[in-house]
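Participant: Got a structure for you, written out below as structure tokens; questions coming shortly.
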Amino acid sequence: MAPFILASSFFVIFLLTFQLFRLIRIVTDKDVELSVLFELMGHIGVSFLPMAVPLASLFAAVFTLNKLSEDSEIVAMRSFGLTKRNLMTPFIFMGLLIASAIFVLNRNLIPHSKTLFKNTIITLTSQGNLTNIKEGQFFTEIPGITLFADSVSEDGNRLGNVFIIQTKGEEEQVIMAKRGVLIKQSLGELRAPTLRLHLSEGNIMKNFNNGKIEKILFSQYDFPIVDGGGLPGLVTKDSMRSNKELRAVINERQARLTEIEAKGNITPEEARERDAIKRDLPKSQLEFWSRYNTPIQVLLFIFLGFSIGIKKGRGRTKSSGSMGLFFLIGYYVLFFGGVSLARKGIAPASIVVFAPSIASMILGAYLYKKLDWQS
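Basically our numbering = 1-based index in the sequence shown + 152.
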């Protein structure tokens, strides 16, 4: 357990470093207290557990078996007549405990931590949205949105001659209005922020990826900048949904896709909806099946670590660490290659997620059978 805890901490901290620069920038720019920074690090650290725990399980098993072999503990156990199955039993037992824990965390707690993390980030970044907009300058702090205003009031709430470019995938829309008023609210028990721009007397130009252009004139229009996407039930990312919510979204999208395709002749709006579902559905399925694959990963990685961790004797060594590293490279090359195929609709998400695990089981069984072990 000590190597497992240390390895888990190392991988979580390593992954945290990629977010730390972003968090520090927010803290310095928005004058945020350190307690909020540590809270954010806690939330994002919890969300890294599904990636860190399987890796830690593999390296902890390899390290422990290497140590037992080098100290001749394996030789001593062999002299007592223990089989490799006897020795592997406590490893599998601990693996079952770890796998059960990560499965429970993956159902609700980890998605909830991701939700709180995003909500807090949105809250902190939107605190400056009312004051950081400067007249005559492009404002790009909101992802996917570029905003320009000829004039801005002292409190930053009222804008004149507003120009907005919003990009969603390959589609783009341009909004122009004579006046704009920023309106900020908080929704729900999580206090998820909503920030919208109330525009007056303008037009919207939409450029679709099929080359068509649509123009809309309006006298009054509410443009949502931040829509409270951190609230449960209003989340925008599949990783922030609980298992139950994610399954409901998948079922709903599959039913809607079947309904549209059964019509035969469909409208352009339905065609765009169909394309959007085909684009988003594989992502939801990948997220859903990955949560069930993570506990299996833990068990398989421990099994593989056991098979490559035992050395034949004190004087005869093999590079178990290198073997483990090469295995991980192959595993994730296969996994991410499959993910790319699943997102293009070429391969089913369930097969893509579980195929590397099946390959790991076959490799582990082969190495386990080859162990030099006298029963």
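The beta carbon of each residue, even a glycine, is placed where N, CA and C say it ideally should be.
Counting only runs that start and end within the stretch 210-290, where is the beta strand (DSSP E) found for 3 or more residues in a row?
Facilitator: Those beta strand (DSSP E) runs which fall completely within the stretch 210-290 and span 3+ residues do not exist here.
Participant: Since residue 440 and residue 405 are thought to touch, with beta carbons under 8 Å apart, how far apart are those beta carbons, to the nearest angstrom?
Facilitator: The residue you call residue 440 lines up with position 288 of the sequence shown. The residue you call residue 405 lines up with position 253 of the sequence shown. Wrong, their Cβ atoms sit about 11 Å apart, outside the cutoff.
Participant: Between residue 521 and residue 451, what straight-line distance do the alpha-carbon atoms span, to the nearest angstrom?
Facilitator: Along the sequence shown, one-based indexing puts residue 521 at 369. Along the sequence shown, one-based indexing puts residue 451 at 299. If you take the alpha carbons of residue 521 and residue 451, they lie about 17 Å apart.
Participant: Using only CA atoms, which one of 487, 401 and 479 lies nearest to residue 516?
Facilitator: Translated into the one-based positions of the sequence shown, residue 516 becomes position 364. The shortest C-alpha separation from residue 516 is found at 479.
Participant: Can you find a heavy atom of the ligand NAD that lies under 7 Å from the Cβ of residue 457?
Facilitator: As presented, the structure is devoid of all ligands, the ligand NAD included, so that no description of it is given.
Participant: Can you tell me where the beta strand (DSSP E) with residue 302 in it begins and where it stops?
Facilitator: Locating residue 302 in the sequence shown gives position 150, counting from the first residue. Counting along the chain, the beta strand (DSSP E) containing residue 302 begins and ends at 297-304.
Participant: So for residue 497, helix, strand or coil by DSSP?
Facilitator: Taking the sequence shown and counting its residues from 1, the one referred to as residue 497 is at position 345. If DSSP states are grouped into helix, strand and coil, residue 497 belongs with coil.
Participant: Within a Cβ cutoff of 7 Å, which residues of the same chain sit near residue 435, ignoring the five residues on either side of it in sequence?
Facilitator: To locate residue 435, count along the sequence shown from 1; it is residue 283. Here the set comprises 390 and 495.
Participant: Figure out for me which residue from 394, 476, 269 and 267 has the closest Cα to the Cα of residue 217.
Facilitator: Translated into positions along the sequence shown, residue 217 becomes position 65. Among 394, 476, 269 and 267, the Cα nearest to that of residue 217 is on 476.
Participant: How would you call residue 403, buried or exposed, if buried means at least 16 neighbouring beta carbons within 10 angstroms?
Facilitator: To locate residue 403, count along the sequence shown from 1; it is residue 251. Residue 403 is exposed by the Cβ-count criterion.
Participant: On the DSSP bridge assignment, give the partners of residue 355 in chain order.
Facilitator: In the sequence shown, counting from the first residue as 1, residue 355 sits at position 203. Answer is 328 and 369.
Participant: Would you check if the stretch 155-166 and the stretch 203-211 touch, i.e. whether three or more CB-CB distances between them fall below 8 Å?
Facilitator: Output reads yes: the stretch 155-166 touches the stretch 203-211.
Participant: Determine the burial state of residue 262: buried for a count of at least 16 other Cβ atoms within 10 Å of its Cβ, exposed for fewer.
Facilitator: As a first step, residue 262 is located in the sequence shown; it is residue number 110 there, counting from the start. Flag for residue 262 reads buried.
Participant: Give the straight-line distance between the Cα atoms of residue 422 and residue 414, rounded to the nearest whole angstrom.
Facilitator: Locating residue 422 in the sequence shown gives position 270, counting from the first residue. Locating residue 414 in the sequence shown gives position 262, counting from the first residue. Looking at the two C-alpha atoms, the distance is approximately 12 Å.
Participant: CB-CB under 7 Å to residue 214, same chain, minus the five flanking residues each way: which ones, in chain order?
Facilitator: Translated into the one-based positions of the sequence shown, residue 214 becomes position 62. Cβ within range, chain order: 457, 460, 461, 472, 473 and 476.
Participant: From the DSSP output, in three-state form, read off residue 311 for me.
Facilitator: The sequence position of residue 311 within the sequence shown is 159, counting from 1. Strand.
Participant: CA-CA distance, residue 407 and residue 427?
Facilitator: Against the sequence shown, residue 407 aligns to sequence position 255. Against the sequence shown, residue 427 aligns to sequence position 275. Answer to the nearest angstrom: the Cα atoms are 14 Å apart.
Participant: Sort out for me which residues DSSP pairs residue 532 with in a bridge.
Facilitator: The chain is shown only over 153 to 527; residue 532 falls outside these bounds and no answer can be derived.
Participant: Return helix, strand or coil for residue 334, following the three-state DSSP convention.
Facilitator: Here residue 334 refers to the residue found at position 182 of the sequence shown. Residue 334: strand per DSSP, three-state reduction.
Participant: In angstroms, rounded to a whole number, what distance separates the CA positions of residue 375 and residue 357?
Facilitator: One-based indexing of the sequence shown puts residue 375 at position 223. One-based indexing of the sequence shown puts residue 357 at position 205. Approximately 14 Å between the Cα atoms of the pair.
Participant: How many Å lie between residue 343 and residue 191 at the Cα?
Facilitator: Against the sequence shown, residue 343 aligns to sequence position 191. Against the sequence shown, residue 191 aligns to sequence position 39. Low confidence applies here, because residue 343 scores a pLDDT of 46, under 50, leaving its location unreliable and the question unanswered by this model.
Participant: If you reduce the DSSP assignment to three classes, tell me which class residue 348 lands in.
Facilitator: Residue 348 sits at position 196 when you count from the first residue of the sequence shown. Reduced to three states, the DSSP call for residue 348 is strand.
Participant: Is the number of C-beta pairs between the stretch 232-245 and the stretch 285-304 that are closer than 8 Å three or more?
Facilitator: Contact fails: fewer than three Cβ-Cβ distances are below 8 Å.
Participant: Please look up how many angstroms separate the CB atoms of residue 258 and residue 202, rounded, as I've assumed it's under 8 Å.
Facilitator: Taking the sequence shown and counting its residues from 1, one reaches residue 258 at position 106. Taking the sequence shown and counting its residues from 1, one reaches residue 202 at position 50. So it is a contact: roughly 6 Å between Cβ atoms.
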